[in-house]
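A short worksheet on the structure shown next.
And the structure:
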């Protein structure tokens, strides 16, 4: 028995994780472990600086509420019931008064979709009286239908159906306006027709989810007309959105004010007021508390009511003025940005109200010239024209890059990128969701506008030069243009390697090697361009991706440099391959010649000299002197030579000097300090003209000097040589004339012939 107990202990110890073994750890080591998990290793590995959210005193009050809730939960049952009831009733009353929602109840939840889920269950219990007894069998007689806008949050309908146990056919997505009104508002007339069709087919319209600030563009549905439609068909109206925060202000637009008449609404106070870890709140009106309890909107457990404690503390700390001030500040930030965007060219905004819009959505868009409008109008007449689809894809890519750049340059602004159905990719500024958390101020908006002004010329220049770059690459031999609409830059190019190899794998490796070396050479140039291998995922292989450019880019020089550099790398690669083959053959030939020389040496020395003892005695009496014979391989000439001349002259010959590498004509024309691929200014043109004029003057001076040449030399090819070579020839001729002036005429004629040969 003791043996079995010891075996059980050993087996149990193996299964216990390391931190739980033994008698436990002290609090200091546990807190140190938490700190290391939050800050330590990740911050050292990542290059980007990470900082926590700036938690003010109101944030500390919210965090304190979670700790107090844990302490309060250990009170006796009666005292706990009284305290939780007081906290819940106070918080509910304050929120209903702040957001103008009279006679409402509140449900506090962590997930912002959970409130809508409970509301759906409440409506099902209300409309189906026998649902509590018969369950889903009641739903078979009349299928419930829930209507949501096509501009609602992604996946909201599917999440509701999964949690409620309903088929996806119970969810109806209502399209937005296409002809009149905002393109992000629900089409009320179409919704009316859809509800009538569902009623006639035996379905039961259950609930309508409307938006007071769509997740993408921040537009508000026509809540007044939707409320009338819901009353007509006995439907429940639920409203959610960021614009509900403006209900706490003194002035509220009529479109948002209509939300106070709805049956329920969801408020996300944490992001609006900058409060961490506070629950979302769903306010609703219902007369039957038993159905609310059955739906899960109320609870008899006192601990569940403590969810409102962080909000109870934070709302008291902020007060009415503090709450209004934060929401008003966010509205002022959006208005400031909207006023500045109106004065910028190539920026198109999409806002619901020009005077006051809590959410600002804008995008880069270049208007066409009058000449191009007719052609684009003709293209627009065809449905889904490929040119128009490619053009929209390019604009989406550029706006994606613009949003990422602005978010990186001004992180306190809180801008992000959003995908809209009609506008495409846009940049969104929603201060109600970010300003309280990030601490956005007016100067951050001004900095954002300044950065936007710097990026617009880059976007316009790149968009204009993109087509020219494509044409230049297609006209250049050896380069292949790769069309990648998802790349935010000038374009993508590949050096096309031509080889007679039939092995595709070897050819692919050689192509990768050449383009990688080409990218390295281009990055070594002094230019303002960025060359890369492209995106980490989804990019083309063995290509050079060129980033954003400015208007002074010389596209022809860029393409010519890429082609010339690629050819140079390819020639060097082939030269290295040929040199490797030549060296290999030279080594084999040298081995054969050395082997033949050894055999000849054996024949000359004789057989006796090869015997160890006899050969030593024989060499002592009659020494045999043989010159060392070796072989040297000339890499320049590619030939195998003997080493006898080396041993005789006691020095190794240098051989022929390889010709110098030719420099590009474009590099010679570049001024000192001028970066590559820049168009020459007027000053540089004047400099080139003056240099060419002075060069012609030097040529005229050289022609005016009396040459002492023979008639055959005056008509020879020396007239077409460069000025430097002419100077050397004339100097050599004058030297020959001086040295041969005292000689006889035959000797002088002979000297002139030698000079002409030189």
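Numbering (the UniProt record's numbering), first residue to last: 1 to 758.
Beta carbons are placed, not taken as given, at the ideal position from N, Cα and C, and that holds for glycine.
When DSSP labels each residue in this structure, what does residue 186 get in the three-state scheme? In this structure, residue 186 counts as strand in the three-state DSSP scheme.
Where residue 133 sits in the DSSP three-state scheme: When secondary structure is reduced to three states using DSSP, residue 133 falls in the helix class.
Given 8 Å, three or more beta-carbon pairs between the segment 126-138 and the segment 301-310: Because the criterion of three Cβ pairs below 8 Å is not met, the segment 126-138 and the segment 301-310 do not touch.
Nearest-angstrom Cα distance between residue 138 and residue 244? Taking the Cα positions, residue 138 is about 36 Å away from residue 244.
For residue 495 and residue 559, the rounded distance between their alpha carbons: Going from the Cα of residue 559 to the Cα of residue 495 covers about 11 Å.
N- and C-terminal bounds of the alpha helix (DSSP H) containing residue 472: Element bounds for residue 472: 442-475.
Residues sharing a beta bridge with residue 419, DSSP: Beta-bridge pairing links residue 419 to 425.
Euclidean distance between Cα positions of residue 664 and residue 562: Confidence in residue 664 is poor, its pLDDT being 45 and thus under 50, which makes the residue's placement unreliable; the coordinate value appears in the next sentence. Between the alpha carbons of residue 664 and residue 562 lies a distance of about 12 Å.
If we require 3 or more residues per run, which beta strand (DSSP E) segments fall completely within the segment 31-117? Those beta strand (DSSP E) runs which fall completely within the segment 31-117 and span 3+ residues are 105-109.
Length of the line joining the Cα atoms of residue 271 and residue 434: Between residue 271 and residue 434, the C-alpha separation is close to 7 Å.
Tell me which same chain residues have a C-beta within less than 7 Å of the C-beta of residue 177, skipping the five on either side of it? Excluding sequence neighbours, residue 177 sits near 183, 185 and 187.
Only counting runs of 3 or more residues, tell me where the beta strand (DSSP E) segments fall wholly within the segment 243-291, in order along the chain. Entirely contained in the segment 243-291, the beta strand (DSSP E) runs reaching 3 residues are, in chain order, 264-267 and 280-284.
Residues bridged to residue 759 [DSSP beta-bridge criterion]: Because residue 759 is not part of the residues shown, which for the chain are 1 to 758, the question remains open.
Smallest Cα separation from residue 429: which of 504, 396, 470 and 351? Comparing Cα-Cα distances from residue 429 to each of 504, 396, 470 and 351, the minimum goes to 351.
Just mark residue 537 as buried or exposed, buried being the case when its beta carbon has 16 or more other beta carbons within 10 Å. Classification of residue 537: exposed, given that the 10 Å Cβ count is below 16.
Once you ignore the five residues that flank residue 486 on each side, which residues in its own chain have a CB closer than 8 Å to its CB? Here the set comprises 393, 397, 535 and 538.
The alpha helix (DSSP H) with residue 219 in it runs from where to where? It is not in any alpha helix (DSSP H) - residue 219 carries neither H nor E in the DSSP assignment.
Can you tell me the Cα-Cα spacing of residue 587 and residue 632, whole angstroms? Here the alpha carbons of residue 632 and residue 587 stand approximately 10 Å from one another.
Helix, strand or coil for residue 23? Go by DSSP, reduced to three states. Looking at residue 23 - three-state DSSP - the assignment turns out to be coil, as it is neither helix nor strand.
Beta carbon of residue 493, beta carbon of residue 473: below 8 Å? With contacts defined by Cβ atoms closer than 8 Å, residue 493 and residue 473 form a contacting pair.
Consult DSSP for residue 319 and reduce its assignment to one of helix, strand or coil. Residue 319 falls in the helix class under three-state DSSP.
The beta strand (DSSP E) that contains residue 171, what's its start and end? DSSP places residue 171 inside the beta strand (DSSP E), whose first and last residues are 171-174.
Please determine if the segment 324-340 and the segment 241-258 are in contact, where contact requires at least 3 C-beta pairs separated by less than 8 Å. Contact between the segment 324-340 and the segment 241-258 is present, because at least three Cβ pairs lie under 8 Å.
For residue 362, count neighbouring C-beta atoms within 10 Å of its own C-beta (all shown protein chains included) and say buried if the count is 16 or more, exposed if not. Per the 10 Å Cβ criterion, buried.
Residue 297 - partner residues in DSSP beta bridges: Paired residues: none, contrary to the question.
Between residue 283 and residue 454, what straight-line distance do the alpha-carbon atoms span, to the nearest angstrom? Here the C-alpha atom of residue 283 lies approximately 46 Å from the C-alpha atom of residue 454.
Could you check whether residue 144 and residue 119 sit closer than 8 Å to each other, using their CB atoms as the reference points? For the pair residue 119 and residue 144, the CB atoms are not nearer than the 8 Å cut-off.
Less than 7 Å between the CB of residue 433 and some heavy atom of the ligand PLP, yes or no? As for the ligand PLP, it is missing from this structure, which has no ligand bound.
Can you tell me which of the three DSSP states residue 212 falls into? Strand, per DSSP.
Between which two residues does the beta strand (DSSP E) harbouring residue 480 extend? Start and end: 479-482.
Any idea if residue 168 is buried or exposed, counting beta-carbon neighbours within 10 angstroms, 16 or more meaning buried? Exposed, by the Cβ-count rule.
For residue 550, report the span of its alpha helix (DSSP H) as first-last. No residue range can be given for residue 550, since it is assigned to no alpha helix (DSSP H) and is classified by DSSP as neither H nor E.
Kindly indicate which residue of 115, 427 and 191 has the alpha-carbon position closest to the one of residue 148. Measuring from the Cα of residue 148, the nearest candidate turns out to be 191.
Exposed unless 16 or more other CB atoms sit within 10 angstroms - verdict on residue 99: Buried, by the Cβ-count rule.
Measuring straight from C-alpha to C-alpha, what distance separates residue 331 and residue 417? One C-alpha to the other measures close to 20 Å.
8 Å Cβ shell around residue 299 - same chain, five flanking residues per side excluded: The residues are 293 and 305.
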